[in-house]
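My numbering numbers the first residue of the sequence shown as 27 and each following residue consecutively. Just so you know, even glycine gets a beta-carbon here, dropped at the ideal spot from N, CA and C. Below you'll find the structure, written out as structure tokens, and then a few comments.
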Amino acid sequence: MKSKSLFGAAAFALASMIPLTLSAEELSVANFVPPQHHTNSVLFKWFGEEVEKRSGGSLTIKVYPAGQLGAGPVQQYKRAVEGVADITFGLQAYTPAIFPKTMLIIPPGKATTALEATERLLSVYDDHLADEYEDVKLLGVFTVAGNAWAATGDYSTLDSLKGTKMVPYAAMTTPLVEALGAVPVQMPVTEMYTGLSTGTIDSTTATYNNMTPPWNFWDVSTHFIENVPVQFAVFFVAMNKERYLELSDEHRAIIDDLAGETFSMMGAQSFHGADERSLEAMKSAPQMEKVSWVKVSDDERARMDAAVAEGMKAIFADYAERGIENAEEIYDAINK
């Protein structure tokens, strides 16, 4: 599935075809993360360079990081819909009622990396997810892999997990935490450092990047547990539909050419690359000297996977109660 068909994209225009007489346009981008976050230095840097190059400088973007156009991630989709910013970056999990089908990429399945999970998400977009984004011009959807647990103890077996306090990767995965025998504690990533340091939580699903700056979980964790059932956070970059339609045909064509698969995979690569850099840093960082690397055994992983499968039944039942009868079908399509 290619970006020029995904998300209803139109035909594209090469930079050499853009008239030099086009009126200059600047698109505002609302990002709630700090300026040094890789979505700014990688994803939006790439996007800005591409639109400027292809438009001959007549179309540019300006990123407003750290919530300058509205604090926090919860209202990011609403800000795109209402035009508070021309473009916003956010997480579907903060407004799950809007994106219930997209969020079926979050539970463990066959994907193990952000790149693979994003490809699987895109493969079902047209058939199952497109109607969740009708109020915006969607530029991309992509994931990051939660492939480990940052913890204050060795919780690498089902028996050791019993009664421990664990943060679900999203509220929807609460039944999975319960199936593993742990007690789910809802907490945003911005509070997990303190939660681990004070004992409010015992563990949280984490990426390699969570362990290093800017999150620094390695300061407050004693164990980093791998070979766990991999969960995913899912993100969107959305553009106000009216602002998109106001653009010239040439500028819309540039946006269309970059949107969809191209933008989504660049977003996934931004997170995947950050994880790769963090993993390399963890190998030699002095902060990791007090953190034990633990790998769940294959036998214990099989027990965990079986528990997750039981927990998924509760998730599908919850979807059915909310009128989404084909949730298991969508999940199976993602993981075929």
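Exercise. What residue from G221, Q102, K321, E78 has the CA that sits closest to H249's CA?
Worked result: K321
Problem set entry | Status (buried if at least 16 other CB within 10 Å, exposed otherwise) for L271 | exposed
Problem set entry | Bounding residues of the alpha helix (DSSP H) (the contiguous stretch that carries Q295) | 287-310
Exercise. Mapping DSSP to helix, strand and coil, what is N242?
Worked result: coil
Problem set entry | Buried versus exposed call for K163 [16 or more other C-beta atoms within 10 Å across all chains shown] | buried
Exercise. Mapping DSSP to helix, strand and coil, what is Q212?
Worked result: coil
Exercise. In whole angstroms, what separates the C-alpha of R348 from that of M338?
Worked result: 15 Å
For this session: Work out the CA separation of L141 and E287 for me, nearest whole Å.
Result: 11 Å
Exercise. Under the rule that 16 or more other beta-carbon atoms within 10 Å means buried, what is K127, buried or exposed?
Worked result: buried
For this session: Look up H154 in the DSSP assignment and say whether it is helix, strand or coil.
Result: helix
Exercise. Buried or exposed: which applies to Q62, given that a residue is buried once 16 or more other Cβ atoms fall within 10 Å of its Cβ?
Worked result: exposed
Exercise. Whose C-alpha, out of D275, I87, I227, is nearest the C-alpha of T178?
Worked result: Looking at the Cα atoms, I227 is the closest of the given residues.
For this session: Could you pull the start and end residues of the beta strand (DSSP E) that M265 belongs to?
Result: 249-266
For this session: Quick one: measure Cβ to Cβ for Y181 and S223, integer angstroms, because I've assumed they're closer than 8 Å.
Result: That belief does not hold up - the Cβ atoms of Y181 and S223 are roughly 17 Å apart, past 8 Å.
For this session: Using three-state DSSP, classify V322 as helix, strand or coil.
Result: coil
Exercise. Who pairs with M192 in a beta bridge, going by DSSP?
Worked result: P210, S229
For this session: Measure from the alpha carbon of A156 to the alpha carbon of each residue in Q295, A264, L284, then state which is nearest.
Result: Distances from the alpha-carbon of A156 to those of Q295, A264, L284 put A264 closest.
For this session: Can you tell me which of the three DSSP states V430 falls into?
Result: Lying outside 27 to 362, the shown extent of the chain, residue 430 is not represented and no answer is given.
For this session: Just grab the DSSP bridge partners of L164 for me.
Result: DSSP output for L164 lists A264 as bridge partner(s).
For this session: Below 8 Å on the Cβ atoms is my guess for Q257 versus P134; work out the distance and round it to an integer in Å.
Result: With a contact defined as Cβ atoms closer than 8 Å, Q257 and P134 qualify at about 6 Å.
Exercise. What are the boundary residues of the alpha helix (DSSP H) that Y234 is part of?
Worked result: It spans 234-237 - the alpha helix (DSSP H) in which Y234 sits, taken as one unbroken run.
For this session: Spatial neighbours of E51 within its chain, please: CB distance less than 7 Å, with the 5 preceding and 5 following residues excluded, ordered by chain position.
Result: Beyond the five residues adjoining it in sequence on each side, E51 comes within less than 7 Å, by CB distance, of S84, L85, L273, H277 in the same chain, given in chain order.
Exercise. L206 to I87, Cα distance in whole Å?
Worked result: 45 Å
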